[in-house]
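The working numbering numbers the first residue of the sequence shown as 25 and each following residue consecutively. Ideal Cβ positions, reconstructed from N, Cα and C, are used throughout, including at glycine. Report on one structure; see the data block that follows.
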Amino acid sequence: MKRDELVFIGLLFAFFAFMLFNSTGLQEVRRFGEMGSGFWPILVLALALLLSGLLLGSSLYRYRKEKGPRPPAPDAPGEGGEERRARRKKFALTVIFLLLYVLILPFLGFLPSTVAYVFAFIWALGERRRAVLAFSPILVTAIVLLVFVKFLSIPLPKGVGIFADLSRLFY
Numbered sequence: 025m026k027r028d029e030l031v032f033i034g035l036l037f038a039f040f041a042f043m044l045f046n047s048t049g050l051q052e053v054r055r056f057g058e059m060g061s062g063f064w065p066i067l068v069l070a071l072a073l074l075l076s077g078l079l080l081g082s083s084l085y086r087y088r089k090e091k092g093p094r095p096p097a098p099d100a101p102g103e104g105g106e107e108r109r110a111r112r113k114k115f116a117l118t119v120i121f122l123l124l125y126v127l128i129l130p131f132l133g134f135l136p137s138t139v140a141y142v143f144a145f146i147w148a149l150g151e152r153r154r155a156v157l158a159f160s161p162i163l164v165t166a167i168v169l170l171v172f173v174k175f176l177s178i179p180l181p182k183g184v185g186i187f188a189d190l191s192r193l194f195y
């Protein structure tokens, strides 16, 4: 565990704490038995704060454990240029796929765009197992559709033309 990783996790924890503190002031008008508009931000931020706190605690524990006396390591080669290029290529591909997803989402709608995006994203990260490439995009899209459309009643982009008709079949 490197020190800069600890600093980043600490900043993340502080950010979520700050946002949670500020979200408690959200004005909400609600009827009896209904969740107000401030419920979901507070819930998500509290969960993010809890998880980042757990991550910070485990990272501090690992950092202190690694910092103890260690035998000198043999000459370990640093990160090679090929590894760095491969990581940069993965990063560039994921950014390109995300931008394409944002651009095609209004035209194709949520369903086909998300299936294609999840497929492209996991492929760019190096997944090559056919079963994972085939079922993950469908499963992830179905879960997101269930949560946002059915449980939260949040409308998602339907697309244009035939894609709008396809979207209406599912949501």
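Item                                                                                                                                   : Value
Classify Gly-77 as helix, strand or coil using the three-state DSSP reduction.                                                         : helix
Exposed or buried, which one is Ile-162 when buried takes at least 16 other CB atoms within 10 Å?                                      : exposed
Any idea if Thr-138 is buried or exposed, counting beta-carbon neighbours within 10 angstroms, 16 or more meaning buried?              : buried
Could you check if Thr-48 is buried or exposed, using at least 16 other CB atoms within 10 Å of its CB as the buried criterion?        : exposed
Classify Ser-197: buried if its beta carbon has 16 or more other beta carbons within 10 angstroms, exposed otherwise.                  : Beyond the ends of the chain as shown, which are 25 and 195, falls residue 197; an answer cannot be given.
Hey, could you find the ends of the alpha helix (DSSP H) Lys-114 is sitting in?                                                        : 105-132
Note the first and the last residue of the continuous alpha helix (DSSP H) segment covering Val-164.                                   : 154-169
If Tyr-195 and Leu-169 are in contact, beta carbons under 8 Å, what's the gap, nearest whole angstrom?                                 : 6 Å
Our contact map puts Thr-118 next to Ala-148 with C-beta atoms below 8 Å; I'd like the distance itself, whole angstroms only.          : 5 Å
In its own chain, which residues sit with a C-beta less than 6 Å from the C-beta of Ala-144, not counting the 5 before and 5 after it? : Phe-121
Would you tell me roughly how many angstroms separate the C-alpha atoms of Ile-178 and Ala-116, rounded to the nearest one?            : 31 Å
Can you tell me where the alpha helix (DSSP H) with Ile-186 in it begins and where it stops?                                           : 186-194
Please classify Leu-74: is it buried, with 16 or more other beta-carbons within 10 angstroms of its beta-carbon, or exposed?           : exposed
Do Pro-181 and Pro-136 have their beta-carbon atoms positioned less than 7 Å apart in this structure?                                  : no
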